[in-house]
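So the structure is just underneath, and the comments pick up after that.
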Amino acid sequence: GGRKDVGAGVGEFRNLPYEDIGFALVDHHRALRDWVPEVILGQGKSAEQVVAIARTLLERADRVLITLQTEFYAMEGLTQLIDTIRRVRSSLNADLVVGGILLTMVDRRNNLSVQVEDEVRGYFGAQVYDQVIPRNVRLSEAPSFGVPVMYHDIRSTGAQAYLAAARELIQREAAEWGR
66 GGRKDVGAGV
76 GEFRNLPYED
86 IGFALVDHHR
96 ALRDWVPEVI
106 LGQGKSAEQV
116 VAIARTLLER
126 ADRVLITLQT
136 EFYAMEGLTQ
146 LIDTIRRVRS
156 SLNADLVVGG
166 ILLTMVDRRN
176 NLSVQVEDEV
186 RGYFGAQVYD
196 QVIPRNVRLS
206 EAPSFGVPVM
216 YHDIRSTGAQ
226 AYLAAARELI
236 QREAAEWGR
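Following the working numbering, the numbering of the sequence shown begins with 66 at its first residue and continues without gaps.
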């Protein structure tokens, strides 16, 4: 148990099966590991390559949780992602569903942030999580220390918001599966 550094993680990934899509190795084997979430790291990749990686993951997933920053270009990106999910659902993976939308970097003092939140909630309704992740200094600081915010400052507003979002996710999943 415990924390792993990037080098150890990369070493373990080398021994796992993966799908080679030319410019990226895509890991579809969550059952073989329990410490790394599904993440798309787009550093050094073109927008088209990031979309190809996401599409490859969506072909095998059964649900997706969309995180959406309440920023200027967010709605355009969300529209493209929903369109991609619809195409994947119609041609490659009929079981794929949007499990929810979690709004991040929310700043209710900012009119644009409020407007984006209102538009997303108005269009997607109950798919949008009640919990939001606020813009928070401690959330912004954590990566510079090389740790998740839970290790950096679990009592911070941002960390508490993520814990509340995790509780909401569990409640939604339990309600869907009748538990």
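The beta carbon of each residue, even a glycine, is placed where N, CA and C say it ideally should be.
{"Item": "Going by DSSP, what residue range makes up the alpha helix (DSSP H) through R237?", "Value": "T222 to E241"}
{"Item": "Going by DSSP in three states, T135 sits in which element: helix, strand or coil?", "Value": "coil"}
{"Item": "Residues bridged to V245 by DSSP?", "Value": "Residue numbering for the chain in the displayed model covers 66 to 244; residue 245 lies beyond these limits and cannot be assessed."}
{"Item": "CB L168 to CB I198, shorter than 8 angstroms?", "Value": "yes"}
{"Item": "Once you ignore the five residues that flank S205 on each side, which residues in its own chain have a CB closer than 8 angstroms to its CB?", "Value": "none"}
{"Item": "Looking only at its chain, what residues have a beta carbon closer than 7 angstroms to the beta carbon of A139, apart from the 5 residues adjacent to it on each side?", "Value": "L133 and V181"}
{"Item": "Suppose you measure from the CA of L143 to the CA of A119; what does that come to, to the nearest Å?", "Value": "13 angstroms"}
{"Item": "Can you tell me which of the three DSSP states V153 falls into?", "Value": "helix"}
{"Item": "Looking at the unbroken alpha helix (DSSP H) that takes in M215, where does it start and where does it end?", "Value": "V214 to D218"}
{"Item": "Looking only at DSSP bridge pairs, what is L37 linked to?", "Value": "No answer is possible for residue 37: it lies beyond the span of the chain, which begins at 66 and ends at 244."}
{"Item": "Starting from L146, follow its DSSP beta bridges and name the residues at the other end.", "Value": "DSSP lists no partner for L146."}
{"Item": "For R186 versus V179, is the C-beta distance shorter than 8 angstroms?", "Value": "no"}
{"Item": "Taking DSSP as the reference, what is the three-state secondary structure of D85?", "Value": "strand"}
{"Item": "Report all residues from its chain with a CB closer than 7 angstroms to the CB of V153; omit the five preceding and five following residues, and keep chain order.", "Value": "R120, L123, E124 and L161"}
{"Item": "Provide the residue(s) that pair with L90 in DSSP beta bridges, ordered along the chain.", "Value": "D85"}
{"Item": "When you compare the CB positions of V129 and I150, do they come within less than 8 angstroms of one another, or not?", "Value": "yes"}
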